[in-house]
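First comes the structure, then the notes that go with it.
In mature numbering (1 follows the signal peptide of the UniProt record, and there is no 0), the protein residues as written are -20 to -1, 1 to 604.
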């Protein structure tokens, strides 16, 4: 009996330890923070969870180790305390850029064998670089620019076979450049040091700006920026003098032509500044940046992060980020922003915001407090008179719209039935949770496939919550073109819970048919998905409704018909004939109870007496 109790105790201890947070890593971070000057916004508290609450800290999937530390512009000053960060042996990314850290390169960093990204630029480090870079065999990005490092560039850097970025600009480095013959190296900047000698042939593929501001004298190394001596002037030819009237005419013509050229140039510049959202910039890296009109003052650079967010960056980081346009939608342009420290987020630049700062912040704060597995969490926002930005997580798979229609266009298989079921159920649960927030007053207002993503359990996760109330009324033609808008919204331009249910119904029909909400035939005839589904069902050709991609899956006909009935009921023309979203969740789960891997919202489990999907009648009024 004693042995059984002992085994039980050990088993319990193992289970308890498996679910614990990384205690040793947490203590190492606390030791680091308590021994270095920092700003108050570094919200590390020993009583909160390091993997979920600590800004700038990222853990691995099982939350057993800290793998990334990102504290850019966190007001850190002084030298890095010894025997603190060096204890985080699982660290892969360290970003301490844009602080005031002093002292030599930290000796303890040699213990961080798993480093892939090291970003210490824009600090006050001094002294030589470490001699042996080989200890970081996995390093792919190194940026130590804008410091006071001196001495030579270690030849051991050439052993970093995975290196793609090396930036050592604006330091006090001297001596010759070693032969850094790394095929994977894509970006190099050694400008503004005191380097001398010949640029190795292996590095001549990089632009001359990568070596500017040094004492490199080799003719073969770099083409001179300007000729050493100006070319000899051509001998002047004797010409016959012009008469005074002719000379006056030439002068007037040149002046008029110059005025026209200058005016044309100014017009082009104005139109370019007004229309371009993304611009190419050349600095340390060639990249596309988010362009804003902010004045850049300290007060305007403030990005507000929500509780539980472990991101840490400022507006300047966003401006420097490599940005890719993901799409232009109803509420603005959406960008994928990749930071220098490998953080990737989605930034939406809002347009036509009509409310003031106070109303904007109040609405965004309501949305930011929503925490649910089927709701895409709002991570941060930025407000100024000129710009309004909101920040979300980035989903590698893209939106459901891209997954459903994009792969089909590329000739690849679309989503299977199980995936579509999980997406639909997840979205319904997310909407039910949203409708229960803020005293039942919160409305989504823009439900569509491009705003739906898939969470880690494979269920739908809805984004773009509550932005409709911040925007100016949407023009009628634009609203009709979306295909997701309820008829009454087109007339009143006001979203409600019932209009959200209609939009969800369109989304469900889209998942079932594989067709977009609005299609154009070869004869340029516009076909509305809801009308088409109703017409096919009326003619008793229901089987023709479903996506041909689904026909290869056996024994799903009854489930598809049940979901079709729900979709058509949700897309009823008259708002009062549409079911409430908690009832929709219940009906869907009765068609196919599925293990979600997450807890359904309490709203989706309401005890309202509702017919099962097999008993739902398709309203005759859904025909539009």
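Using N, Cα and C, we set each Cβ at its ideal position, and we do this for glycine too.
Fair warning: this is a prediction, and the values are worked out from it, not measured in the lab.
Under the three-pair Cβ rule at 8 Å, the region 87 to 103 counts as touching the region 121 to 140. One Cα belongs to residue 408, the other to residue 44, and the distance between them is close to 33 Å. Residues 177 of the same chain have their beta carbon placed closer than 6 Å to that of residue 156, with the five preceding and five following residues left out of the count. Close CB contacts of residue 539 within its chain, under the 6 Å cut and outside five residues either way in sequence, are with 571 and 572 (chain order).
One Cα belongs to residue 555, the other to residue 480, and the distance between them is close to 10 Å. Classified as exposed, residue 506 has fewer than 16 neighbouring CB atoms from the shown chains inside 10 Å of its CB. Look at residue 32 here: in three-state DSSP terms it is helix. With contact defined as three or more Cβ pairs closer than 8 Å, the region 336 to 353 and the region 393 to 401 are not in contact.
In the structure shown, residue 315 adopts extended strand secondary structure according to DSSP, grouped into three states.
Apart from sequence neighbours up to five positions away, the residues of its chain that approach residue 74 with a beta-carbon distance below 6 Å are 49 and 98, ordered along the chain. Segment contact: the region 63 to 80 against the region 8 to 17, three or more CB-CB distances shorter than 8 Å; contact assigned.
By the beta-carbon neighbour count (other beta carbons within 10 angstroms, threshold 16), residue 413 is buried. The residues 138, 180 and 182, in chain order, have a CB closer than 7 Å to that of residue 159 in the same chain once the five nearest residues on each side in sequence are set aside.
Check the Cα spacing between residue 174 and each of 164, 163 and 148: the tightest is with 148. Our two residues, residue 294 and residue 327, have alpha carbons roughly 13 Å apart in a direct line. Annotated three-state conformation of residue 529 is helix, per DSSP. Residue range 302 to 308 is occupied by the beta strand (DSSP E) that includes residue 304.
Rounded to whole angstroms, the gap between the alpha carbons of residue 526 and residue 20 is 56 Å.
Exclusion of the five residues before and after residue 484 leaves 407, 408, 411, 427, 550, 561 and 564 as the residues of its chain whose Cβ lies within less than 8 Å of its Cβ.
Three or more beta-carbon pairs separated by less than 8 Å are not found between the region 82 to 90 and the region 24 to 36, which leaves the two stretches without contact. Rounded to whole angstroms, residue 119 and residue 355 show a C-alpha spacing of 35 Å. Under the three-state reduction of DSSP, residue 428 is assigned to coil, being neither helix nor strand. Taking the C-beta atoms as reference points, residue 377 is found nearer than 8 Å to residue 383.
Scanning its chain for C-beta atoms nearer than 7 Å, with the 5 sequence neighbours on each side dropped, one finds around residue 165 the residues 143, 144 and 146, in chain order. In the three-state reduction of the DSSP assignment, residue 332 falls in the coil class, being assigned neither a helical nor a strand state.
The continuous beta strand (DSSP E) containing residue 373 extends over residues 368 to 373.
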